[in-house]
Structures are given as structure tokens and as C-alpha cells.
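*Asks:*
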Amino acid sequence: MNLRIPGPTPVPADVLAAMSRQMMNHRGPEFAEILADVTGRLKRLFQTENDLFVLTGSGTGAMEAAIVNFFSPGDNILVTSIGAFGDRFATIGKAFGANVERLDFDWDSPVDPLVVESRLKANPDIKAVLVTHNETSTGVTNNLASIAKVVNRYGKLFVVDAISSVGAIDLQTDAWGCDVVVTCSQKSWMAPPGLSMISVSPKAWETHAVAKMPRYYWDVSAAKRYLEIGQTPWTPAVSIFYALQISLAALEERGLSNVLKYHRELGEYTRAGLKALGLDLFAKDERFASDVVTAVKRPEGMDLKAFLRKLRVEHGVILAAGQARLSDSIFRVAHLGYVNKADIDDTLVAIKAVLPEVGVPVPPIRA
Ligand SMILES: *Cc1c(COP(=O)(O)O)cnc(C)c1O
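The sequence shown runs 30 to 396 under my numbering.
(1) Determine the contact status of Ser-193 and Asn-163, defining contact as a CB-CB distance below 7 Å.
(2) Just mark Lys-334 as buried or exposed, buried being the case when its beta carbon has 16 or more other beta carbons within 10 Å.
(3) Out of curiosity, what's the CA-to-CA distance linking Tyr-246 and Pro-393?
(4) Where do the ends of the alpha helix (DSSP H) carrying Asn-287 lie?
(5) Under DSSP, the beta strand (DSSP E) around Ala-238 begins and ends at which residues?
(6) Do Val-7 and Phe-99 have their CB atoms nearer than 7 Å?
(7) Relative to the alpha-carbon of Ile-380, which residue among Glu-62, Leu-200 and His-344 has its alpha-carbon at the smallest distance?
(8) Can we count Phe-114 as close to ligand 1, meaning its CB is less than 6 Å from some heavy atom?
(9) Once DSSP output is grouped into helix, strand and coil, what is the label at Ile-96?
(10) Just tell me which of Asn-54, Ser-319 and Asp-116 has its CA closest to the CA of Ala-266.
(11) Between the C-alpha atoms of Ser-397 and Asp-104, what's the straight-line distance to the nearest angstrom?
(12) Between the Cα of Ser-166 and those of Asn-172, Leu-159 and Asp-116, spot the shortest distance and give me the residue it belongs to.
(13) Does the Cβ of Thr-120 have 16 or more other Cβ atoms within 10 Å, making it buried, or fewer, making it exposed?
(14) Which of the three DSSP states is assigned to Glu-130 in this structure?
(15) Check whether the stretch 78–88 touches the stretch 138–150, taking contact to mean three or more Cβ pairs, one atom from each stretch, closer than 8 Å.
(16) Helix, strand or coil for Thr-85 per DSSP?
(17) Short check: CB of Ile-176 to CB of Asp-320, under 7 Å?
(18) Please name the residue in Arg-182, Leu-273 and Leu-149 whose C-alpha comes closest to that of Glu-130.
(19) Applying the criterion that 16 or more other CB atoms from any shown protein chain within 10 Å of the CB defines a buried residue, is Asp-374 buried or exposed?
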């Protein structure tokens with residue numbers, strides 16, 4: 030089986046094996062050691078000295094934590110969206126009573142920092158800017174550094190959904206001034222779903238101190254208090270901690286810059302392979318095409334469901350369709366987490382075999 034969806038990704042055998050370990054006292058010294066090790070590794074991979082907390086929950090839980098911990102009902106927040114996950118951030122903000130100002134861009138394109146700037150200039154009441162670093166639903170990656178520059182120049186809190194980027198695409202939390210950054214275990218981290226992570230800058234702590242949105246489970250004050258005594262406030266997903274400790278060690282051993290380069294090359298390789306089959310990338314400008322997930326336009330007249338079913342049933346290749354308004358117009362090939370060139374080759378061979386069977390001719394160039 031070649032699981033090529035953007036999370037959960039396959040995980041290495043030793044990571045799987047780590048989860049067969051017996052349970053331990055999550056308030057004992059053994060767990061404290063694992064928690065400290067995992068937190069330290071994540072901070073290095075986030076390129077941050079900010080506080081970082083590992084929460085039990087999926088990525089959306091961490092997104093909720095990024096809202097409820099730093100805002101009060103009625104706060105003006107600017108939510109940029111280039112896809113389904115940007116929309117989700119806006120929805121969560123609204124659910125907790127923020128005054129959400131939306132800044133929407135075409136789903137095949139990145140956020141334009143100049144437009145962010147003019148919005149900040151026009152509305153000085155905006156307290157924060159929320160951005161999806163890598164829009165997993167469309168395979169478009171924002172230029173986070175240039176957006177960060179604008180947001181910091183205006184002194185706003187910068188909140189980043191880096192769920193599918195950090196650990197695979199360069200994200201310099203401290204150097205770029207990212208105040209709150211969230212991710213989760215089943216994306217770049219080569220671990221199963223169950224844990225999410227959030228980093229909190231000193232500026233975000235100041236905001237937190239006066240933020241009045243209701244919160245309990247996701248309260249980062251509680252997470253900080255408990256981390257100081259080597260614990261989490263609530264019972265953590267212990268087995269996922271076992272897994273993450275092994276996968277993070279493997280990532281650090283390879284070295285962050287090597288891991289980032291690996292994904293840049295694999296992204297390039299995947300795009301080239303798909304284009305050679307006569308397919309069109311969804312990203313309008315390939316410079317913003319994601320290095321962790323490639324979205325491809327459904328060829329005219331192709332039955333997308335039949336295509337994906339054939340790949341799954343006859344070739345063991347699992348791809349994702351689009352999300353929301355793109356559910357029938359794109360498909361996505363993921364190359365994040367535990368993946369190598371052979372997985373991509375296998376995917377390309379299968380796609381090449383299936384395309385003519387669903388009425389799409391394939392150019393005869395690729396061997
Ligand atoms: C996967 C993903 C999420 C949602 O994470 P869940 O673990 O499914 O809750 C949010 N944002 C982005 C960018 C993602 O890739």
C-alpha cells in the first residue's frame with residue numbers, strides 16, 4: 030500500500046514498534062524525561078527558543094488553542110485564506126466570538142503581502158494576522174517570511190497554521206517573528222495522529238495574559254505550569270509520545286537542513302513527473318507549488334472518483350481528492366513525512382497506467 034495522502038502519512042517501522050511499549054505513569058520521572066526530550070527536539074526543529082507545548086489532540090485542536098489563548102470576544106483578527114484550512118481558521122475564530130475580517134485570495138495562488146499591508150493600514154484595530162503556511166488543501170505554499178515582515182512592521186500578533194509545513198518546509202519561527210505556530214504529529218513528523226504542538230512567543234504570552242475567550246483543555250498557562258514539573262495537564266497520548274520520540278530523533282539525525290532540501294527536491298521531482306504525464310498543476314505559479322503535497326487539475330472529462338478508485342484497488346496507491354469547492358476538480362499527491370523517491374515513482378507508474386483507462390491519453394515520453 031502506498032499511502033500518498035497529506036496525513037496521516039506512513040510511519041517508519043521503528044516508530045510503529047515504539048508504540049508497542051507498555052504504558053507508564055504519565056506523572057512519573059520516566060515520562061518527564063520523554064516529554065523534555067520531545068519538547069527540546071521540537072523546539073530545535075521549529076527553530077525557536079519560544080515556549081513549546083505538546084498537546085493531545087489533532088491539528089484542529091491546536092488551531093483552536095491558537096485562537097482561544099490569545100484573543101477576547103470582539104477582537105479584530107485578520108484571517109487570510111487561500112483554501113479550506115484558511116477557511117477553518119476563520120470559522121474557529123468566529124465560533125469563539127472574534128470579529129473575523131477575512132482576506133481571501135484565489136485558491137490557486139498565495140497570500141499577497143502587499144494586500145495584507147493595505148488591509149492593516151486601512152484598519153488599525155486589527156490585533157493579529159492568521160496565515161496558513163502551507164495550504165494542504167490546494168498544494169500552495171505562502172511566502173511566510175515576506176508576510177511576517179509586514180505583520181511585524183505593523184506590530185500585530187502573527188499566528189501561523191504550519192501544520193503541514195514545519196519539519197519539511199523552512200519555517201524560522203524566531204528569525205521571522207512568528208508568535209504562535211501550530212502543527213501536529215501525523216504530517217511532517219513521521220508519527221501517527223494524536224498529538225499537536227504549539228509555540229508561544231513572549232509577545233503572545235502578553236496577549237494571553239489579557240485574553241478572555243473561554244478555554245480549559247487548551248489553556249497554555251496550564252500546559253506551561255505542568256511542563257515545568259515534567260507533566261502535561263491532562264493524560265497525554267502516551268503511545269504517540271513513544272513514537273514521536275523515535276521519529277524526531279531520526280529527523281534530527283538527518284539534520285533539519287537536509288530534511289528541508291530532501292523535500293524541496295522531492296517536490297520538484299513529483300511535479301516534473303506529473304507534468305511529464307501531460308497533467309497540469311493546480312498552483313497557478315509553480316514557484317508557490319508546495320514541496321509536501323502536489324495538487325493536480327482533473328483532466329477535462331475524467332471521472333475523478335473512478336480514477337482514484339482504480340489507483341487504490343488495482344495499484345494500492347491512495348491519493349486524496351480536493352477539499353470543499355475543489356472536491357471534484359483536483360487530486361493531491363502527498364510527499365511529506367516518511368516518503369522516498371521510490372514511493373513517488375510507484376505513484377507515477379500507477380497514474381500512467383490508469384489515466385488511459387479513464388479516458389485520458391498519456392504522452393509517450395516517460396519510460
Ligand atoms: C491537516 C491540517 C489541518 C487539520 O489537522 P487535523 O489533524 O486533521 O485536525 C489543519 N491545517 C493544515 C494546514 C493541515 O494540513
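In this text, a Cβ means the ideal position worked out from N, Cα and C, and glycines have one as well.
*Replies:* If we stick to the structure as given:
(1) Counted from its first residue, the sequence shown places residue 193 at position 164. Counted from its first residue, the sequence shown places residue 163 at position 134. Result yes, Cβ atoms of Ser-193 and Asn-163 sit closer than 7 Å.
(2) For this step, residue 334 is matched to residue 305 along the sequence shown. Classification for Lys-334: exposed.
(3) In the sequence shown, the residue the question calls residue 246 occupies position 217. In the sequence shown, the residue the question calls residue 393 occupies position 364. Cα-Cα distance, rounded: 56 Å.
(4) Here residue 287 corresponds to residue number 258 of the sequence shown, with the count starting at 1. From DSSP, the alpha helix (DSSP H) with Asn-287 extends over 285–305.
(5) As a working note, residue 238 is residue 209 in the sequence shown. Ala-238 -> not in any beta strand (DSSP E); alpha helix (DSSP H) instead, spanning 231–239.
(6) Only positions 30 to 396 of the chain appear in this structure, which leaves residue 7 out of reach.
(7) Position 351 of the sequence shown, counting from 1, holds the residue named residue 380. Among Glu-62, Leu-200 and His-344, the Cα nearest to that of Ile-380 is on His-344.
(8) Here residue 114 corresponds to residue number 85 of the sequence shown, with the count starting at 1. At least one heavy atom of ligand 1 is nearer than 6 Å to the Cβ of Phe-114, so yes.
(9) Residue 96 sits at position 67 when you count from the first residue of the sequence shown. Of the three classes helix, strand and coil, the one that applies to Ile-96 here is helix, per DSSP.
(10) The residue labelled residue 266 in the question sits at position 237 within the sequence shown. Closest by alpha carbon: Asn-54.
(11) Residue 397 falls outside the range modelled here, since the chain spans only 30 to 396, and no answer is possible.
(12) Numbered from 1 along the sequence shown, position 137 holds the residue referred to as residue 166. Per the Cα distances, Asp-116.
(13) Here the question's residue 120 lines up with position 91 in the sequence shown. The residue is exposed, with fewer than 16 neighbouring Cβ atoms inside 10 Å.
(14) In the sequence shown, residue 130 corresponds to position 101, counting from 1. In the three-state reduction of the DSSP assignment, Glu-130 falls in the strand class, which pools E and B.
(15) No: the two stretches stay apart, fewer than three of their Cβ pairs being nearer than 8 Å.
(16) Counting from one through the sequence shown, the residue named residue 85 turns up at place 56. Thr-85: strand per DSSP, three-state reduction.
(17) The residue labelled residue 176 in the question sits at position 147 within the sequence shown. The residue labelled residue 320 in the question sits at position 291 within the sequence shown. In this structure, Ile-176 sits away from Asp-320, with a CB-CB distance that is not shorter than 7 Å.
(18) Counting from one through the sequence shown, the residue named residue 130 turns up at place 101. The shortest C-alpha separation from Glu-130 is found at Leu-149.
(19) Locating residue 374 in the sequence shown gives position 345, counting from the first residue. Its Cβ having fewer than 16 others within 10 Å, Asp-374 is exposed.
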